[in-house]
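Here is the structure we will look at.
2 protein chains.
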Amino acid sequence: MKSDLDPLMAARELQAIVVVGDELYSAGRDYLSNGARITGGLVIKRRGAAPVLVVNPMEIEEARDSGLQAISWYDLGWAQLLEENDGDRDSTQVGMWQRALQRLQVPPGRIGIYGTAAVHRFIELLPELGNLEGYDFCGERGMTLLDEAAMTRDAAEMQRIRRVAAGTNATLRATWDFIASHRAVDDIVCDAQGDALTIGALRRFVRRTLLDYDLEDTGMILAQGRDAGFPHSRGQDDQPLRCGQTLVFDLFPREHGGGYHHDVTRTWCPGHLPDEIADIYETVSRAFQVALDAWDEPGQPARELQEAVLDFFEGAGYPTPRSEPGSEVGYVHSLGHGLGMAIHERPSLSHTSDDCLQVGNVISIEPGLYYPERGFGLRLEDTLTIDESGALVPLTDFHKRVLLPLQG
Amino acid sequence: MKSDLDPLMAARELQAIVVVGDELYSAGRDYLSNGARITGGLVIKRRGAAPVLVVNPMEIEEARDSGLQAISWYDLGWAQLLEENDGDRDSTQVGMWQRALQRLQVPPGRIGIYGTAAVHRFIELLPELGNLEGYDFCGERGMTLLDEAAMTRDAAEMQRIRRVAAGTNATLRATWDFIASHRAVDDIVCDAQGDALTIGALRRFVRRTLLDYDLEDTGMILAQGRDAGFPHSRGQDDQPLRCGQTLVFDLFPREHGGGYHHDVTRTWCPGHLPDEIADIYETVSRAFQVALDAWDEPGQPARELQEAVLDFFEGAGYPTPRSEPGSEVGYVHSLGHGLGMAIHERPSLSHTSDDCLQVGNVISIEPGLYYPERGFGLRLEDTLTIDESGALVPLTDFHKRVLLPLQG
Numbered sequence: 001m002k003s004d005l006d007p008l009m010a011a012r013e014l015q016a017i018v019v020v021g022d023e024l025y026s027a028g029r030d031y032l033s034n035g036a037r038i039t040g041g042l043v044i045k046r047r048g049a050a051p052v053l054v055v056n057p058m059e060i061e062e063a064r065d066s067g068l069q070a071i072s073w074y075d076l077g078w079a080q081l082l083e084e085n086d087g088d089r090d091s092t093q094v095g096m097w098q099r100a101l102q103r104l105q106v107p108p109g110r111i112g113i114y115g116t117a118a119v120h121r122f123i124e125l126l127p128e129l130g131n132l133e134g135y136d137f138c139g140e141r142g143m144t145l146l147d148e149a150a151m152t153r154d155a156a157e158m159q160r161i162r163r164v165a166a167g168t169n170a171t172l173r174a175t176w177d178f179i180a181s182h183r184a185v186d187d188i189v190c191d192a193q194g195d196a197l198t199i200g201a202l203r204r205f206v207r208r209t210l211l212d213y214d215l216e217d218t219g220m221i222l223a224q225g226r227d228a229g230f231p232h233s234r235g236q237d238d239q240p241l242r243c244g245q246t247l248v249f250d251l252f253p254r255e256h257g258g259g260y261h262h263d264v265t266r267t268w269c270p271g272h273l274p275d276e277i278a279d280i281y282e283t284v285s286r287a288f289q290v291a292l293d294a295w296d297e298p299g300q301p302a303r304e305l306q307e308a309v310l311d312f313f314e315g316a317g318y319p320t321p322r323s324e325p326g327s328e329v330g331y332v333h334s335l336g337h338g339l340g341m342a343i344h345e346r347p348s349l350s351h352t353s354d355d356c357l358q359v360g361n362v363i364s365i366e367p368g369l370y371y372p373e374r375g376f377g378l379r380l381e382d383t384l385t386i387d388e389s390g391a392l393v394p395l396t397d398f399h400k401r402v403l404l405p406l407q408g
Numbered sequence: 409m410k411s412d413l414d415p416l417m418a419a420r421e422l423q424a425i426v427v428v429g430d431e432l433y434s435a436g437r438d439y440l441s442n443g444a445r446i447t448g449g450l451v452i453k454r455r456g457a458a459p460v461l462v463v464n465p466m467e468i469e470e471a472r473d474s475g476l477q478a479i480s481w482y483d484l485g486w487a488q489l490l491e492e493n494d495g496d497r498d499s500t501q502v503g504m505w506q507r508a509l510q511r512l513q514v515p516p517g518r519i520g521i522y523g524t525a526a527v528h529r530f531i532e533l534l535p536e537l538g539n540l541e542g543y544d545f546c547g548e549r550g551m552t553l554l555d556e557a558a559m560t561r562d563a564a565e566m567q568r569i570r571r572v573a574a575g576t577n578a579t580l581r582a583t584w585d586f587i588a589s590h591r592a593v594d595d596i597v598c599d600a601q602g603d604a605l606t607i608g609a610l611r612r613f614v615r616r617t618l619l620d621y622d623l624e625d626t627g628m629i630l631a632q633g634r635d636a637g638f639p640h641s642r643g644q645d646d647q648p649l650r651c652g653q654t655l656v657f658d659l660f661p662r663e664h665g666g667g668y669h670h671d672v673t674r675t676w677c678p679g680h681l682p683d684e685i686a687d688i689y690e691t692v693s694r695a696f697q698v699a700l701d702a703w704d705e706p707g708q709p710a711r712e713l714q715e716a717v718l719d720f721f722e723g724a725g726y727p728t729p730r731s732e733p734g735s736e737v738g739y740v741h742s743l744g745h746g747l748g749m750a751i752h753e754r755p756s757l758s759h760t761s762d763d764c765l766q767v768g769n770v771i772s773i774e775p776g777l778y779y780p781e782r783g784f785g786l787r788l789e790d791t792l793t794i795d796e797s798g799a800l801v802p803l804t805d806f807h808k809r810v811l812l813p814l815q816g
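If you read the sequences in order, they're chains Z and G. Following the numbering used here, the numbering of the first sequence begins with 1 at its first residue and continues without gaps. Following the numbering used here, the numbering of the second sequence begins with 409 at its first residue and continues without gaps.
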């Protein structure tokens, strides 16, 4: 968690970290800045000290609202530096980094650069940063310092995560009830006037409902039939909702403007349930339970949960990423992933993962089976956390029924 | 525009460009990929050829929907490479780049890396990319190839940009009408039941309205009184809307899920208009007209419009970024900016800009005056385009009245 940052920096022999971002929400910068509503600037954390925001003067009030110290470009002499650099804003940035590090009394040594930003610019600025006396800039690959810190959540984070879960659960209920208020006409889901309910209209309904809980859609999947057979197909807005077809509804909203996520998938069959779908749904439900049953105790390798599910699916005759890497049918992905201020974080629950599960993790578990050419795909997913007692407990609270009955 | 990419690559002696992105919407990758709904992967454009998407197999259908050629990681032998690299996903990525460039028959030479992604990872991968035989990877600073291409819009882009403008205009009208349906109680804007209208409730109304046009809020400003005096203060959701105070409403939505933007600001004073505000509003309105009057013809330096506005404000006795760099009162920012798939693009309309204005530009013009300690700030902004005839024409279509009358 955040309180681990200093030891994590010490282990990497970093005197400070500089966390950058672009104009949009940027998970790393947001994590360090207490969610300050800034669209530019840096967060600098000297080892042993609280993060400090270095921002555009137009955003100084937003930066201060975070409760952290904030310095503006102007305070650091931006205008003068720009003149000295003949209007070159990139070289001016390098000068600002130097002044900020000095102002924060960061001792000479290694400085880690982290965050999501314009790669093309950093590639060109690296040599100039390398010329700054006393500092040696580096990045990080694999499991980074921020990945490691973010894998476990403190109490304040869990409070926000639970609020996002509550809004998502309510949205699931509202969406089920909304579809259930329709009726079938020639196997098409229609409203009382006989107009078809399209995927696009349903998507708008979900987005509006999320807003009631100050959540925002980040690309939900509402894919039916053949589309549902491709795990990341988002679905086609002009299609009407059809009875007896699988609708994969994968919802992964976040706090509006950027923040914590929830991740849940349900597969619904409106009106009636073909036997073939019922059978496969039963298998996926059992796979979900197999994953839960494989949970043992904190410290357990995450891959063991996926391995149990792989054993189960392979035993039932389905291809998996272990038995047939590259297969586009059967079970084609990993079991889940950590989530937080980004939707995909560590730990990874793939069978090639070296990550271990720990108290304070927030993870998804999401087995599925995909057969696009047979016209269906199914997935079931909850977000769960490992609590203080070492139990794996769901944050998602919504039933897993597949048949969604319509109005008589 | 996009059709300029090949000559722009030739001018930089680039054999190909590789455009990366992170999981979220990424303007550069979206621009090259026709908005493919992918959350990972690369876009590679060989000079003289159409862009090709290299994606996660789970997203191959989404990638193909773009109309561009798509290759999956599995097609390139990802599983085998991962094994060869002992499970190191970063080194595997480097191997994938090599295979993808070979598959697309990119001749040896310079390859430009562009886009928004994890900087820490690229810093560490650069040396390995440098070892790929035959290819020399570089970034770009200052005005990049993508900046330059995106500065002018083709007909297909203009169609989308006009649709975003129409939805934004409709949202402005609906928001004005919504506030106007309220009445004043003790100088607080209240509904028919006498309950105060809060900034938070108004923000939710705007977000819901945007959804009706498939637009999404990317951080609108709804700041009143002192908050309005800080250009990027987003406003406080728990505050009730107050009569006789300036409400700066800066709306810059985009196509839902990522895409083209619109950018507009209105300053409204609900209920009644203090003389001091009326006077300053008149000055800002005149500054807006000064900017339009300074427009001459395509090829004109963008800074000339800002210089005209600086002359005007300075002549009227207000501090500006030219007369008092670093001032936090008066006119404290540049006149405007290009906008497209990102909210801030080139050309820059600052007085230090070297950019020229051209046919096909889409820009904002947004003069303002800020006095937080006097309890107000005002800004007026339209999005405009330079059309084929060389005229600077607004895409924003909403009146600029400041007094917003309430119900008797």
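The beta carbon of each residue, even a glycine, is placed where N, CA and C say it ideally should be.
Asked                                                                                                                              : Found
Contact with chain B by LEU211 of chain Z, beta-carbon distance below 9 Å                                                          : The chain labelled as chain B is not found among the protein chains of the depicted structure, namely Z and G.
Cβ pair ILE771 of chain G, ALA710 of chain G closer than 9 Å                                                                       : yes
Whole-angstrom C-beta distance between GLY28 of chain Z and GLY409 of chain Z, which should lie under 8 Å                          : Nothing about residue 409 of chain Z can be reported from this structure: the residues present for chain Z run from 1 to 408 only.
ARG612 of chain G to ARG581 of chain G span [Cα, whole Å]                                                                          : 15 Å
Within chain Z, the residues that TYR543 of chain G reaches when beta carbons sit closer than 8 Å                                  : Neighbours of TYR543 of chain G on chain Z: none; closest Cβ ~14 Å, over 8 Å.
Supposed close pair ARG454 of chain G, LEU512 of chain G - CB separation, criterion 8 Å                                            : 5 Å
Which of helix, strand or coil DSSP assigns to PRO7 of chain Z                                                                     : helix
Of the listed residues Z:ILE71, Z:MET58, Z:ILE277, nearest to SER742 of chain G (C-alpha basis)                                    : Z:MET58
Residues within the region 303-333 of chain Z neighbouring chain G, beta-carbon criterion of under 8 Å                             : PRO325, GLY326, GLU328, VAL332, HIS333
Short CB-CB distance (under 9 Å) between ILE519 of chain G and chain Z                                                             : no
Whole-angstrom distance between ASN361 of chain Z and GLY299 of chain Z, CA atom to CA atom                                        : 11 Å
Proximal residues of chain G, C-beta to C-beta of ASP443 of chain Z below 9 Å                                                      : The requested residue 443 of chain Z is not part of the displayed model; chain Z covers only 1 to 408.
Any chain G beta carbon closer than 9 Å to THR267 of chain Z                                                                       : no
Segments assigned beta strand (DSSP E), at least 3 residues, entirely inside the region 122-204 of chain Z                         : 135-138, 183-185, 188-190
8 Å Cβ shell around VAL359 of chain Z - same chain, five flanking residues per side excluded                                       : THR152, PRO298, ILE386, ASP387, GLU388, GLY390
Residues of its chain near GLY666 of chain G, where Cβ-Cβ distance is below 7 Å and the 5 sequence neighbours each way are ignored : TYR433, ASP438
Alpha carbon of LEU489 of chain G to alpha carbon of GLY142 of chain Z, nearest angstrom                                           : 16 Å
Option in Z:ARG163, Z:GLU148, Z:PHE122 with minimal Cα separation from THR552 of chain G                                           : Z:PHE122
Proximal residues of chain G, C-beta to C-beta of ILE179 of chain Z below 9 Å                                                      : Per Cβ cutoff of 9 Å: no residues; ILE179 of chain Z is ~19 Å from chain G at best.
Bridge-paired residues (DSSP) for ASP382 of chain Z                                                                                : Z:ILE365
CA-to-CA distance, THR396 of chain Z to GLY167 of chain Z, given in whole angstroms                                                : 10 Å
Continuous alpha helix (DSSP H) stretch holding SER91 of chain Z: start and end                                                    : 89-103
Neighbourhood of GLY336 of chain Z by C-beta distance below 7 Å, restricted to the same chain and skipping five residues each side : LEU349, ILE363, SER364, ILE365, GLU366
GLY219 of chain Z, DSSP secondary structure in three states                                                                        : coil
Counterpart residues of LEU112 of chain Z in DSSP-defined beta bridges                                                             : In the sequence under discussion, the amino acid at residue 112 of chain Z is Gly, which differs from the Leu named in the question. Answer by DSSP bridge pairing, in chain order: Z:ILE17, Z:CYS138.
Within 9 Å, strictly: CB atoms of ALA149 of chain Z and LEU5 of chain Z                                                            : yes
Buried versus exposed, by CB contacts within 10 Å (16 or more), HIS807 of chain G                                                  : exposed
Chain G contacts made by the region 149-182 of chain Z, where a contact means CB separation under 8 Å                              : none
8 Å CB neighbourhood of GLY485 of chain G in its chain, flanking five on each side removed                                         : ARG507
beta-carbon GLY485 of chain G near the ligand PLP non-hydrogen atom, thresh 8 Å                                                    : Absence of the ligand PLP is noted for the structure shown, with no ligands found whatsoever.
For GLY235 of chain Z and GLU282 of chain Z, the rounded distance between their alpha carbons                                      : 24 Å
Positions along the region 222-233 of chain Z whose CB lies within less than 8 Å of some CB in chain G                             : ASP227, PHE230, PRO231, HIS232, SER233
Near-chain Z residues of the region 452-466 of chain G (beta-carbon distance less than 8 Å), N- to C-terminal order                : ASN464, PRO465, MET466
C-alpha gap between GLY816 of chain G and LEU681 of chain G, whole angstroms                                                       : 16 Å
Distance between ILE60 of chain Z and GLN697 of chain G (C-alpha atoms, nearest Å)                                                 : 30 Å
Sequence-distant residues of the same chain with beta carbon closer than 7 Å to ASP238 of chain Z, five excluded per side          : THR198, GLY200
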